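Following: one structure in structure tokens, then a few remarks.
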Amino acid sequence: DAGVIQSPRHEVTEMGQEVTLRCKPISGHNSLFWYRQTMMRGLELLIYFNNNVPIDDSGMPEDRFSAKMPNASFSTLKIQPSEPRDSAVYFCASSPGTARSPLHFGNGTRLTVT
Amino acid sequence: GDSVTQMEGPVTLSEEAFLTINCTYTATGYPSLFWYVQYPGEGLQLLLKATKADDKGSNKGFEATYRKETTSFHLEKGSVQVSDSAVYFCALLGGGADGLTFGKGTHLIIQP
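Chains as they are written, first to last, in the numbering used here: chain Z, 11 to 124; chain R, 19 to 130.
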């Protein structure tokens, strides 16, 4: 089991640029989650998918953020245009989708917007 | 809504000391409770869990007991090691939710 795979591990970009973060969940997992981690706010759930369908995106901070899951093995989180306050570590997690099942996290993408 | 409160860090202990990290929660229904650990530069890993009242989760010498009467899930370890240095997150999964609600994390530093 390769675990949840995220890319890139680090991303440095200038304000106004588009940023795309990628995630490959664990094979067979039906639920996928995007979290953002900052010192000020801790871990925040941005959006989650069940069977490739977005279920709750109420955590997405602004319209500049969008997420897609075109198939069961791939998801993207896009920020366009990026701003310095978007700097954070973004985690993807997946779970089997059964009741009370824990999440499996990727190693995260550290985003720095200058 | 659901919420998790855990003690602020950093918590600094000497090797072989006894560890307690407090966690209390607010939730409707009967949540499942989790402790996750995050080592530097890595994602969160599940440490232990408990799914109903009075359950005790345990792993790697860590324990936590689901106390419904006090809405708590305190993490304990009898003798910590330097390798336990990490950030520890308490989390809950509510009855109607599909995403975990996390506490803000407690940074644990173990000195040799």
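Positions of the beta carbon are idealized from the N, C-alpha and C atoms, including for glycine.
Since the structure is predicted, the reported quantities are computational estimates derived from the model, not experimental observations.
* Asked: Quick one: does E34(R) have its CB under 9 Å from some CB of chain Z?
  -> Position 16 of the second sequence, counting from 1, holds the residue named residue 34(R). Answer no: the Cβ-Cβ gap between E34(R) and chain Z never drops below 9 Å.
* Specify the secondary structure class of S103(R) as computed by DSSP and reduced to three states. => Within the second sequence, numbered from 1, the residue matching residue 103(R) stands at position 85. DSSP places S103(R) in coil when its eight states are reduced to three.
* To do: Could you tell me whether the segment 36–47 of chain R touches the segment 81–94 of chain R, using the rule of 3 or more Cβ pairs below 8 Å?
  => yes
* Asked: Around the C-beta of V14(Z), are 16 or more other C-beta atoms found within 10 angstroms, so that it is buried, or is it exposed?
  -> Along the first sequence, one-based indexing puts residue 14(Z) at 4. Burial call: buried.
* Asked: Are the segment 65–82 of chain R and the segment 23–34 of chain R touching by the rule of at least three beta carbon pairs closer than 8 Å?
  -> no
* **Alpha-carbon to alpha-carbon, T124(Z) and S97(Z)** => Residue 97(Z) sits at position 87 when you count from the first residue of the first sequence. Residue 124(Z) sits at position 114 when you count from the first residue of the first sequence. Going from the Cα of S97(Z) to the Cα of T124(Z) covers about 8 Å.
* What are the uninterrupted segments assigned as alpha helix (DSSP H) that are 4 or more residues long and contained completely in the segment 39–83 of chain R, given in chain order? -> none
* For S105(Z), collect the residues of the same chain with a Cβ closer than 7 Å to its Cβ; drop the 5 residues on either side in sequence, then sort them by chain order. => To locate residue 105(Z), count along the first sequence from 1; it is residue 95. Closer than 7 Å at Cβ, skipping near neighbours: H39, S41, S111, P112, L113, H114.
* Under three-state DSSP, which class holds R95(Z)? -> Translated into the one-based positions of the first sequence, residue 95(Z) becomes position 85. Note: R95(Z) maps to helix in three-state DSSP.
* For S17(Z), name the three-state secondary structure that DSSP assigns. => To locate residue 17(Z), count along the first sequence from 1; it is residue 7. It is a strand residue.
* Asked: Is there contact here, the segment 63–72 of chain R with the segment 41–59 of chain Z, by at least three beta-carbon pairs under 8 Å?
  -> no
* Provide the residue(s) that pair with S32(R) in DSSP beta bridges, ordered along the chain. => Reading the second sequence from its first residue, position 14 is the one you call residue 32(R). S32(R) pairs with Q129(R).
* Closer than 9 Å, CB to CB, is N117(Z) near chain R or not? -> In the first sequence, counting from the first residue as 1, residue 117(Z) sits at position 107. Closer than 9 Å: yes.
* **Chain-ordered chain Z contacts of E81(R) [CB-CB under 9 Å]** => As a first step, residue 81(R) is located in the second sequence; it is residue number 63 there, counting from the start. Ordered by position in chain Z, no residue passes the 9 Å Cβ test against E81(R), which lies about 17 Å from the chain.
* Asked: Beta-carbon of F107(R) versus every beta-carbon of chain Z: anything under 9 Å?
  -> Walking along the second sequence from the start, residue 107(R) turns up at place 89. Yes - at least one Cβ of chain Z is within 9 Å of the one on F107(R).
* **Given 8 Å, three or more beta-carbon pairs between the segment 26–36 of chain Z and the segment 96–111 of chain R** => no
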